[in-house]
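Enquirer: Structure provided below as structure tokens; questions to follow.
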Amino acid sequence: AFNYSSRSRWGCQITDNGLYQISLAKCVSNLTSVSLWGMTGITDKGVVQLITRANSLKHLNIGGTFITDESLSAIAHSCPHLKSIVLWSCRHVTESGLFVLVNKCRKLGSINVWGTRVPLDCFIGLLTIRPALQIKPQGLLLN
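For the sequence shown, this note's numbering begins at 135 and goes up steadily by one.
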């Protein structure tokens with residue numbers, strides 16, 4: 135039997151249309167882990183379409199993409215079971231999007247924000263909301 139709970143397409147150049155097609159699959163609601171790492175051909179439009187149907191996600195890697203707070207808002211509202219997220223080098227993500235994500239995703243325990251353009255004082259605020267949150271890279275831990 136093939137395990138559909140986790141899908142990684144590292145190195146593939148999927149577009150928003152590809153994410154839309156994937157979002158139509160019946161198994162999408164059962165996915166617990168998705169990696170869209172480095173897929174520069176996707177935007178918020180495709181990510182939002184996929185995420186709103188993948189509400190069992192526990193682990194999400196969208197590092198190296200051009201997503202914005204629009205995607206973070208969709209994740210925050212659609213993924214109540216999210217435990218970890220990689221936002222490595224997501225340079226269009228802001229402090230506002232991170233606060234929405236951490237406030238809504240109550241099971242979130244780990245967030246990788248290396249290479250984002252978010253000011254350091256934002257991370258102090260995130261730790262105020264969720265003291266046990268692991269903010270990676272470790273050098274950003276301020277407590």
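Glycine included, each C-beta is placed from N, C-alpha and C at the ideal position.
1. With I269 as the anchor, note down where its beta strand (DSSP E) starts and where it stops.
2. Between the region 157–165 and the region 206–214, are three or more C-beta pairs nearer than 8 Å?
3. Give the DSSP-derived three-state secondary structure of N237 in the structure shown.
4. Tell me which residues share the same chain as W222 and place their Cβ nearer than 7 Å to its Cβ, disregarding the 5 neighbours each side in the sequence.
5. Take T149 as the anchor and find which of T262, N164, F200 has the nearest alpha-carbon.
6. I'd like the ranges of any alpha helix (DSSP H) spanning at least 4 consecutive residues and lying wholly in the region 152–195.
7. If you measure between the beta carbons of L109 and S190, is that distance less than 8 Å?
8. With a Cβ-Cβ cutoff of 8 Å, do D255 and G231 count as a contact?
9. Might you give, ordered along the chain, the residues of its own chain that have their beta carbon closer than 7 Å to the beta carbon of H215, omitting 5 neighbours on each side?
Expert: By the coordinates alone:
1. 268–270
2. no
3. helix
4. G197, G198, N246, W248, G249
5. F200
6. 178–185
7. Residue 109 cannot be examined here, being either before or after the span of the chain that is shown, 135 to 277.
8. no
9. S190, L191, K192, K241
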